[in-house]
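Protein chains in written order, with my numbering: chain E, -18 to 92; chain G, -18 to 92.
Every residue, glycine too, gets a C-beta built ideally from N, C-alpha and C.
Computed from a prediction, not measured in an experiment: that's the story for all the values here.
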DNA sequence: ATCGTCAATCGACGATATTCGATGAACGGG
DNA sequence: CCCGTTCATCGAATATCGTCGATTGACGAT
């Protein structure tokens, strides 16, 4: 019979974990919710000004967030404008996805 | 006007992060999905047998998962039986919650 | 009471992550 | 062409995390 004794394959578990890792830090949560409050894209400098952490730290977190395509970047002259990727927000896995064994969502590749 | 310039308060960001931290590890993802596949509660020994990591490691992860009430424990004689907390699965925050500034869900205190 | 089983805790170790300050590279303006 | 601004990257310090083996404690059976 289809007795599900095996654990979730490690590879899938890692993929799931990498999603949740992206939001598993308070500073990144702040950045994400900040970008969401402002409807328009924000430059790194603006984010630094209100987030209370150093510029290199903000840049680092933005890199992590953009690697999972949670935020999108658009370079404009000398500054980089970051904004939320709406389609990535909606495909973000839920705890129910994990529990029900749904396939791991893949971040949309388009920018 | 209500110009939302302030970042999300650090305390709330930390609460959000602690939720996502709970699922930010591949082994915990495996344990959670394992408990979900089996409908009935599982003992630590059973989980160890199929998860491929040591007993103390499993115990450690189960502790983390039960601290956010994602799993519930029921001690039975010499063994501990763990099971998924369904109501915690459904209240688990989504990325949309973060982005929309919803209040941080609190894990149900009942066991 | 003693032994064996089961699970939680402890201590330690290596691996990752977070943060910072400093440096560097790209760009626009005078 | 030089300078200031803006951001990414580097290197290092620190903190946190995941894992293990060993120990401890609780319980049941003999």
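| Check | Outcome |
| --- | --- |
| How is residue 39 of chain G classed by DSSP in three states: helix, strand or coil? | helix |
| Would you please verify whether the beta carbon of residue 30 of chain G is less than 7 Å from any beta carbon of chain E? | no |
| Identify the contact partners of residue 75 of chain E in chain G, using a Cβ-Cβ distance below 8 Å as the criterion. | 73, 75 |
| Over the uninterrupted alpha helix (DSSP H) stretch that includes residue 34 of chain E, give me the two end residues. | Looking at the DSSP string, residue 34 of chain E is not in any alpha helix (DSSP H), and its letter there is neither H nor E. |
| From which residue to which residue does the beta strand (DSSP E) around residue 55 of chain E run? | 52 to 57 |
| Put residue 62 of chain E into one of helix, strand or coil per three-state DSSP. | strand |
| For the alpha helix (DSSP H) containing residue 6 of chain E, list its first residue and its last residue. | Note, residue 6 of chain E: premise wrong, no alpha helix (DSSP H); not H, not E. |
| Is any heavy atom in the ligand COA found nearer than 6 Å to the beta carbon of residue 30 of chain E? | As for the ligand COA, it is missing from this structure, which has no ligand bound. |
| Are the C-beta of residue 7 of chain E and some C-beta of chain G separated by less than 7 Å? | yes |
| Flag this pair as touching only if the stretch 13 to 30 of chain E and the stretch 50 to 58 of chain E have three or more C-beta atom pairs under 8 Å; answer yes or no. | yes |
| Residue -11 of chain E and residue 36 of chain G look like a contact to me (Cβ under 8 Å); what is the Cβ gap, rounded to whole Å? | Not a contact, Cβ separation roughly 20 Å. |
| Express the C-alpha separation of residue 80 of chain G and residue -13 of chain G in angstroms, rounding to a whole number. | 14 Å |
| Give the straight-line distance between the Cα atoms of residue -8 of chain G and residue 85 of chain G, rounded to the nearest whole angstrom. | 10 Å |
| Using CA coordinates, which residue listed in G:2, G:77, G:87 is at the minimum distance from residue 70 of chain E? | G:77 |
| Which one of G:44, G:64, G:74, G:67 has the shortest CA to CA distance from residue 5 of chain E? | G:74 |
| Measuring only the C-alpha atoms, how far is residue 92 of chain E from residue 43 of chain E? | Summary for residue 92 of chain E: the model assigns pLDDT 44, below 50, so the residue's position carries little reliability, and this model does not support an answer. |
| Hey, does residue 80 of chain E have any beta-carbon neighbour from chain G nearer than 7 Å? | yes |
| Just to confirm, is the Cβ distance from residue 16 of chain E to residue 65 of chain E under 7 Å? | yes |
| Would you report the Cα separation of residue -2 of chain E and residue 28 of chain E, rounded to the nearest angstrom? | 26 Å |
| Taking 7 Å as the CB-CB cut-off, is residue 17 of chain E touching chain G? | yes |
| Of all Cβ atoms in chain E, is any one closer than 7 Å to the Cβ of residue 88 of chain G? | no |
| Please work out which residues of its chain come closer than 7 Å, Cβ to Cβ, to residue 1 of chain E, disregarding the five sequence neighbours upstream and downstream, and give them in chain order. | none |
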